[in-house]
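Chains as they are written, first to last, in the numbering used here: chain A, 38 to 382; chain B, 38 to 382; chain C, 38 to 382; chain D, 38 to 382.
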């Protein structure tokens with residue numbers, strides 16, 4: 038339930054509504070808006086009677102929230118969230134491209150790639166320092182050394198950096214270095230990690246689980262928001278199906294559905310969906326055309342020697358081509374939007 | 038295996054190669070090309086020794102075909118097939134939009150919708166006369182009366198018509214009226230129907246099965262081509278997965294994969310994939326952006342009273358909007374291509 | 038809706054109810070039961086008012102049918118159907134094992150296998166004469182010659198034979214020879230074929246489609262029953278999922294669900310589900326334990342030389358082992374049931 | 038690679054082989070067997086040359102391991118692992134039934150259920166203290182209080198207890214109380230948690246992920262074994278598919294495949310697969326018949342008032358019925374096995 042206050046409601050009136058909600062054993066969560074405050078009512082079991090709140094001073098109306106997710110829903114917040122990271126804005130009206138290698142392998146590798154992708158239009162740099170790997174015998178990432186390299190890349194290029202935290206213990210460390218902390222596919226329902234992310238002041242990139250429904254995904258985002266962090270970016274990256282011509286099946290219908298259900302921005306990772314380089318550019322075009330707020334793409338200057346996921350990493354010139362194709366597509370249906378500027382050398 | 042002849046090879050030399058192939062108990066299928074003839078070798082069990090053919094007069098080279106499908110493969114025919122239907126060309130360089138209601142309900146309904154979609158840029162008209170329905174108690178289509186209405190729509194509007202044949206017995210009847218005969222999702226591996234389609238001189242629209250792999254789909258097309266009909270258009274329409282926010286999961290990575298493997302054109306049906314109207318425009322943009330050669334979209338002037346699939350049918354003004362969005366997307370990466378002309382009243 | 042008559046209702050009273058139903062533009066289908074007749078009301082659109090029927094002489098009660106399938110539902114017929122084929126009974130209280138090769142290859146092959154499987158406990162013989170194959174270049178079966186061999190096997194062994202009809206044209210031919218006509222996985226929603234099967238007096242074995250829901254499967258059976266043939270046997274044979282350690286994923290929960298929803302017998306085909314020999318015995322045990330009314334198993338005396346599906350065919354001695362394991366499992370929870378008698382030579 | 042020592046190999050010879058392996062930058066892991074020691078070679082990248090080891094004193098042979106998983110594979114350890122928990126043995130020749138409520142709700146509830154299930158044949162008691170829930174607003178379990186109740190249930194009944202640890206931080210706490218620590222479906226690839234479990238001396242119950250392949254699942258077990266804990270029990274609990282007549286699709290073919298690939302015991306959880314009570318008994322029979330080493334079943338004395346998953350919990354008398362059906366099935370194909378003794382009051 039959402040108690041919407043009058044534009045002219047005073048802080049005292051708001052506090053009184055909060056108190057009335059809490060007096061019933063519920064949780065009140067004031068949500069400041071552009072023009073008016075709304076107060077979310079959480080942790081109710083079943084239906085709540087609206088009438089006691091309707092009579093309180095300053096209350097304009099009471100809106101039932103029909104979804105199991107509350108804070109992430111459009112019912113709670115009708116306007117698109119825009120997540121700011123450094124000088125960038127992610128969400129409604131902006132097309133944000135995140136690019137970089139699967140794993141940070143060395144400072145030289147990271148810097149080389151970062152400079153190349155920045156030139157082509159990437160706004161944020163991605164790279165794994167801690168890598169979740171199916172096999173305990175596979176390369177697990179450079180760890181904290183990788184995080185330090187990411188920080189140096191940010192210093193050198195001005196690009197904010199995105200990297201994954203694999204558990205809530207490592208979160209402290211990752212948070213120190215990253216601008217956006219990624220929660221990976223396998224961890225989408227790692228509830229301890231979600232709660233830890235909710236206590237962070239860093240933006241969170243929440244990837245969809247391999248077989249997660251939209252509702253489960255939004256509920257995972259709700260865990261983060263419920264714990265206090267509203268800066269959540271969703272990332273569709275393909276789901277597991279019987280099909281094997283791509284590593285996973287990119288579910289682009291998730292983009293309009295999420296945008297209808299939630300105010301949170303949603304981007305698409307075509308690299309992990311495809312698992313092979315030759316599908317990444319067409320899927321990127323499709324992702325931007327379907328309305329995604331951005332892309333996260335793997336790029337490597339020498340994919341054949343990459344320590345992980347080389348087969349799906351674009352060559353730098355392919356990434357330039359990608360950016361030059363997606364920006365005008367974005368402008369067609371978002372003529373007022375902000376798309377990346379491509380500077381082809 | 039493919040025996041490629043010299044540009045200057047004579048008919049006698051070609052016939053001699055055909056005879057040599059058949060003398061080994063194999064099937065020879067000459068494939069005329071722009072500049073030279075190639076002869077496909079079919080029905081072999083396992084590897085064939087190329088050397089006996091390499092020595093024959095007029096033979097340039099022998100190319101092994103590594104795929105289980107032969108005639109549909111890029112190895113057999115490297116250049117894109119363009120399927121002509123009336124004055125339209127479907128395939129490489131053309132964006133073809135097919136639109137119309139799920140089912141033909143009356144002449145008035147069909148004509149009304151046909152005129153509206155033509156105005157907005159549709160080149161072919163679709164409508165079901167025989168409807169495959171999960172329930173024996175559901176509306177099964179107008180049958181031959183529906184086919185007659187389709188013919189009158191073609192006469193009145195000049196648009197070729199697409200309609201489904203549900204079995205090889207009905208094929209004779211449908212073929213009389215239709216310009217393009219559709220083989221539906223549930224019939225993708227109805228091999229009798231595929232063979233019957235292969236003996237037709239009408240173009241065939243072959244929808245992907247609900248859980249068909251790309252290989253199975255191309256093998257179904259191979260059945261049609263092997264029986265003699267090369268005018269096959271593939272249509273991706275979503276696959277069945279655990280996800281339920283759309284009726285099926287549109288698998289757009291199928292488009293680049295099919296285009297890599299086969300010379301046949303591939304279009305996308307976003308209406309059946311989505312099952313709900315509000316996803317059709319974004320998925321259409323994505324389908325064109327990924328590189329599809331066309332779209333097939335359900336449109337109804339009064340969807341709320343439609344006898345089938347009303348929930349996924351666009352309103353005419355939504356269809357106009359769709360065409361006006363997809364045409365410029367197509368032009369971005371196919372600047373020399375032919376996209377529909379939108380005439381907004 | 039189901040109009041249940043009194044035990045003492047006369048034929049005239051029954052006819053009068055039928056006439057009253059038809060006077061409303063609906064279809065009446067009398068269903069004779071052990072003690073009383075019920076009359077099914079079909080082809081209604083939406084709710085029917087029961088009151089006009091309740092007042093008619095001889096009517097005991099009117100039961101609404103809440104499922105989209107009618108004739109196949111437990112609501113229409115609460116007691117298990119038992120399908121008789123020759124001297125065999127398939128359904129409640131009987132465990133029926135059907136065995137034989139994937140394809141009939143020769144009379145010698147068919148007879149050899151038939152005698153071996155009969156000895157071990159098989160009651161019906163299976164073998165394909167017309168084979169649906171993914172590739173047009175693969176072995177397509179012996180055709181009518183295969184059917185003739187099946188007839189000779191029946192003469193020689195006394196076992197009724199099961200074989201597939203791939204389309205409604207071939208159905209006439211197959212029906213002449215077979216005791217049970219199989220409708221294969223790829224044809225589960227070939228509605229012309231289902232209707233043709235409904236006009237047959239042979240028992241029909243209806244395999245579940247690769248990605249069919251239980252409801253779609255029962256609706257396919259409804260097509261057959263609605264067209265007049267009540268002798269339908271359902272066969273679970275695995276569904277397509279992301280898993281690839283077996284060819285398909287055997288969905289054994291389908292067995293209790295079908296048994297709750299429908300009165301029709303359901304058997305399990307572990308061979309096609311597994312696609313590999315080493316899973317067939319354990320899956321057979323599981324299928325019988327879950328409550329299936331029978332098994333259909335592929336057996337070949339020389340699987341390594343089989344023309345199709347050799348990898349999943351059991352050796353005869355494995356089939357003997359299978360029968361000797363499943364019969365006592367069946368007896369545990371069906372102590373009054375009839376399980377196959379194993380005669381190990 | 039596995040270096041197999043002679044039966045008579047001395048500790049010095051074994052140490053010398055270990056040293057030779059480590060000198061090459063690899064990891065050596067001696068695996069004591071009944072008659073001889075084998076030394077696993079881990080962390081190699083690609084092929085290792087066997088010849089340097091073949092010449093060392095005491096070495097009998099060198100076996101290449103062809104699987105990506107090593108320690109869990111049958112190649113490393115051909116004989117079945119039997120995991121001892123208290124007086125119970127889980128694995129080859131034993132049928133172990135674990136039962137209890139989804140969540141611990143109170144001491145009275147836990148004790149009531151524990152006594153009932155013990156009477157019917159359960160050997161271990163299960164109950165959640167920390168519950169992973171899709172919604173942050175759902176009941177999350179009693180936490181440490183729940184663990185204390187579990188400890189009291191063990192004291193009162195003598196049954197070892199199984200409960201879930203949701204992250205590696207909570208693992209310390211759970212480990213203090215539990216005899217078997219469960220790693221849940223959503224955490225199957227929570228690699229930090231797997232490594233923490235690998236450092237524990239408690240047995241680990243590793244549930245299969247919702248869309249995990251067998252290989253990914255065994256690799257998750259490899260993480261635990263690689264970190265030092267060999268007491269891993271696998272648990273199949275259904276995978277996510279398009280089918281919705283059961284909550285998940287129980288993949289029973291996983292049981293023989295795992296048993297072929299690995300020496301670890303594998304049990305089945307029919308309750309979470311089905312999600313509805315009426316499928317639990319038939320699926321339990323099937324699981325035992327397919328060859329599972331045990332079952333984990335949810336039982337509640339008052340399911341309609343359960344705080345979570347009541348719809349899938351058996352009534353105590355149903356659990357008694359379940360045990361009385363599965364024990365004789367197990368004895369049929371494991372005549373020398375140890376099945377639960379049912380004491381029906």
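Backbone N, C-alpha and C fix where the C-beta goes; we use that ideal spot for every residue, glycine too.
Q | When D:217, D:60, D:296 and D:123 are compared against residue 109 of chain D, the one with the closest alpha-carbon | A | Mapped onto the fourth chain, residue 109 of chain D falls at position 72. Nearest option by C-alpha distance: D:296.
Q: Might you give, ordered along the chain, the residues of its own chain that have their beta carbon closer than 6 Å to the beta carbon of residue 50 of chain D, omitting 5 neighbours on each side?
A: Residue 50 of chain D sits at position 13 when you count from the first residue of the fourth chain. Once the five neighbours on either side are set aside, the close Cβ partners of residue 50 of chain D are 94 and 95.
Q.
Quick check: the Cα distance between residue 189 of chain C and residue 214 of chain C, rounded to an integer number of angstroms?
A. Residue 189 of chain C sits at position 152 when you count from the first residue of the third chain. Residue 214 of chain C sits at position 177 when you count from the first residue of the third chain. For residue 189 of chain C and residue 214 of chain C, the distance between alpha carbons rounds to 10 Å.
Q: Could you name the residues of chain A that residue 278 of chain C contacts, counting a contact when the two beta carbons are closer than 7 Å?
A: Along the third chain, one-based indexing puts residue 278 of chain C at 241. Under the 7 Å cutoff, chain A gives 279.
Q: Could you pull out every residue in the same chain whose Cβ sits closer than 6 Å to the Cβ of residue 184 of chain C, ignoring the five residues on either side in sequence?
A: Here residue 184 of chain C refers to the residue found at position 147 of the third chain. Excluding sequence neighbours, residue 184 of chain C sits near 166 and 214.
Q) For residue 362 of chain D, which residues from the same chain have a beta carbon less than 8 Å from its beta carbon, with the 5 sequence-adjacent residues on both sides left out? A) Locating residue 362 of chain D in the fourth chain gives position 325, where the first residue counts as 1. Answer for residue 362 of chain D: 318, 321 and 322, listed in chain order.
Q: Go through the region 46 to 83 of chain A residue by residue and report every complete run of the alpha helix (DSSP H) that reaches 4 residues or more, in order.
A: 48 to 60
Q | residue 140 of chain A, DSSP secondary structure in three states | A | Your numbering for residue 140 of chain A matches position 103 in the first chain. Residue 140 of chain A: strand per DSSP, three-state reduction.
Q: Could you have a look at residue 102 of chain D and say whether DSSP puts it in helix, strand or coil?
A: For the purposes of this step, residue 102 of chain D is identified with residue 65 of the fourth chain, where counting begins at 1. It is coil, neither helix nor strand.
Q: Could you name the residues of the same chain whose beta carbon sits closer than 7 Å to that of residue 148 of chain C, not counting the 5 residues immediately before and after it, in chain order?
A: Indexing the third chain from 1 puts residue 148 of chain C at position 111. Excluding residues within five positions, the ones whose Cβ falls inside 7 Å are 190 and 193.
Q) Within 8 Å (strictly less), CB to CB, does residue 271 of chain A reach chain D? A) For the purposes of this step, residue 271 of chain A is identified with residue 234 of the first chain, where counting begins at 1. With 8 Å as the cut-off, residue 271 of chain A does not count as an interface residue toward chain D.
**Q.** Top-ranked residue by Cα proximity to residue 225 of chain D, from D:102, D:260 and D:200
**A.** Against the fourth chain, residue 225 of chain D aligns to sequence position 188. Closest option to residue 225 of chain D, Cα to Cα, is D:260.
Q: Identify, in the order they occur along the chain, each residue of the same chain with its Cβ nearer than 6 Å to the Cβ of residue 138 of chain C, setting aside the five sequence neighbours on each side.
A: Taking the first residue of the third chain as position 1, residue 138 of chain C is located at position 101. Correct list, in chain order: 150, 164 and 337.
Q. How far does the beta strand (DSSP E) with residue 128 of chain C in it reach, from first residue to last?
A. Here residue 128 of chain C is taken as the residue at index 91 of the third chain, counted from 1. Unbroken beta strand (DSSP E) run through residue 128 of chain C: 125 to 128.
Q) Does the Cβ-Cβ distance between residue 55 of chain B and residue 67 of chain B come in under 8 Å? A) Position 18 of the second chain holds residue 55 of chain B. Position 30 of the second chain holds residue 67 of chain B. Yes, the pair counts as a contact, with Cβ atoms nearer than the cut-off.
Q) Under 8 Å, do residue 73 of chain B and residue 299 of chain B count as touching if we go by C-beta distance? A) Here residue 73 of chain B refers to the residue found at position 36 of the second chain. Here residue 299 of chain B refers to the residue found at position 262 of the second chain. Not closer than 8 Å, so no.
**Q.** Cβ-Cβ distance between residue 264 of chain C and residue 236 of chain C below 8 Å
**A.** As a first step, residue 264 of chain C must be located in the third chain, where it is residue number 227. As a first step, residue 236 of chain C must be located in the third chain, where it is residue number 199. A contact, by the Cβ cut-off of 8 Å.
**Q.** For residue 135 of chain C, the residue or residues it bridges with in DSSP
**A.** Residue numbering aside, residue 135 of chain C sits at position 98 when the third chain is read from its first letter. In DSSP, residue 135 of chain C forms a bridge with C:161 and C:333.
**Q.** residue 314 of chain D in three-state terms, based on DSSP
**A.** Taking the fourth chain and counting its residues from 1, one reaches residue 314 of chain D at position 277. Of the three classes helix, strand and coil, the one that applies to residue 314 of chain D here is helix, per DSSP.
Q. Of the choices C:102, C:122, C:119 and C:123, whose alpha-carbon is the least far from that of residue 113 of chain C?
A. Walking along the third chain from the start, residue 113 of chain C turns up at place 76. Among C:102, C:122, C:119 and C:123, the Cα nearest to that of residue 113 of chain C is on C:102.
Q | Residues of its chain near residue 381 of chain A, where Cβ-Cβ distance is below 6 Å and the 5 sequence neighbours each way are ignored | A | Mapped onto the first chain, residue 381 of chain A falls at position 344. At residue 381 of chain A the pLDDT is 48, less than 50, meaning the model places this residue with poor confidence; the figure from the coordinates comes in the next sentence. 357, listed in sequence order.
Q: List the residues of chain A whose Cβ lies closer than 7 Å to the Cβ of residue 228 of chain D, in chain order.
A: The residue you call residue 228 of chain D lines up with position 191 of the fourth chain. Result: 169 and 203.
Q. What's the gap between the Cα of residue 325 of chain D and the Cα of residue 366 of chain C?
A. Here the question's residue 325 of chain D lines up with position 288 in the fourth chain. Here the question's residue 366 of chain C lines up with position 329 in the third chain. Going by the C-alpha atoms only, they are around 11 Å apart.
**Q.** Length of the line joining the Cα atoms of residue 90 of chain B and residue 279 of chain A
**A.** For the purposes of this step, residue 90 of chain B is taken as residue 53 along the second chain, with counting starting at 1. For the purposes of this step, residue 279 of chain A is taken as residue 242 along the first chain, with counting starting at 1. Answer to the nearest angstrom: the Cα atoms are 41 Å apart.
Q: Could you spell out where the beta strand (DSSP E) holding residue 206 of chain B opens and where it closes?
A: Here the question's residue 206 of chain B lines up with position 169 in the second chain. From DSSP, residue 206 of chain B is part of no beta strand (DSSP E) but of the alpha helix (DSSP H) over 205 to 214.
Q) Sorted by chain position, which residues of the same chain lie with C-beta nearer than 8 Å to residue 63 of chain D's C-beta, five sequence neighbours on each side aside? A) As a working note, residue 63 of chain D is residue 26 in the fourth chain. The answer, listed in chain order, is 78, 79, 80, 81 and 85.
Q: Would you mind sorting residue 142 of chain D into buried or exposed? The rule is 16 or more other CB atoms within 10 Å of its CB.
A: Start at 1 with the first residue of the fourth chain, and residue 142 of chain D comes out as number 105. Answer is buried; the Cβ neighbour count reaches 16.
Q) Would you call the CB atoms of residue 135 of chain B and residue 41 of chain B closer than 8 Å? A) Counted from its first residue, the second chain places residue 135 of chain B at position 98. Counted from its first residue, the second chain places residue 41 of chain B at position 4. No, Cβ-Cβ distance for residue 135 of chain B and residue 41 of chain B is not below 8 Å.
Q) Secondary structure at residue 42 of chain D, three-state DSSP: helix, strand or coil? A) Within the fourth chain, the letter at position 5 stands for residue 42 of chain D. DSSP places residue 42 of chain D in strand when its eight states are reduced to three.
Q. What are the boundary residues of the beta strand (DSSP E) that includes residue 219 of chain D?
A. As a first step, residue 219 of chain D is located in the fourth chain; it is residue number 182 there, counting from the start. Counting along the chain, the beta strand (DSSP E) containing residue 219 of chain D begins and ends at 217 to 220.
Q: Could you check what DSSP says for residue 118 of chain A in three-state terms: helix, strand or coil?
A: Along the first chain, read from residue 1 onward, the residue named residue 118 of chain A stands at position 81. Coil.
Q: May I ask you to report which of helix, strand or coil DSSP gives residue 308 of chain D?
A: Against the fourth chain, residue 308 of chain D aligns to sequence position 271. Residue 308 of chain D: helix per DSSP, three-state reduction.
Q. Taking 8 Å as the CB-CB limit, is residue 244 of chain C close to chain D?
A. Here residue 244 of chain C is taken as the residue at index 207 of the third chain, counted from 1. It does not: the Cβ of residue 244 of chain C has no partner Cβ on chain D nearer than 8 Å.
Q: Go ahead and pull the three-state DSSP assignment for residue 361 of chain C.
A: Counted from its first residue, the third chain places residue 361 of chain C at position 324. Helix.
Q. How would you write the range of the alpha helix (DSSP H) that residue 185 of chain B sits in, first residue to last?
A. Here residue 185 of chain B refers to the residue found at position 148 when the second chain is read from its first residue. Counting along the chain, the alpha helix (DSSP H) containing residue 185 of chain B begins and ends at 181 to 194.
Q: Output the boundary residues of the beta strand (DSSP E) element that contains residue 271 of chain C.
A: In the third chain, residue 271 of chain C corresponds to position 234, counting from 1. Taken as a continuous stretch (DSSP letters only), the beta strand (DSSP E) holding residue 271 of chain C covers 269 to 273.
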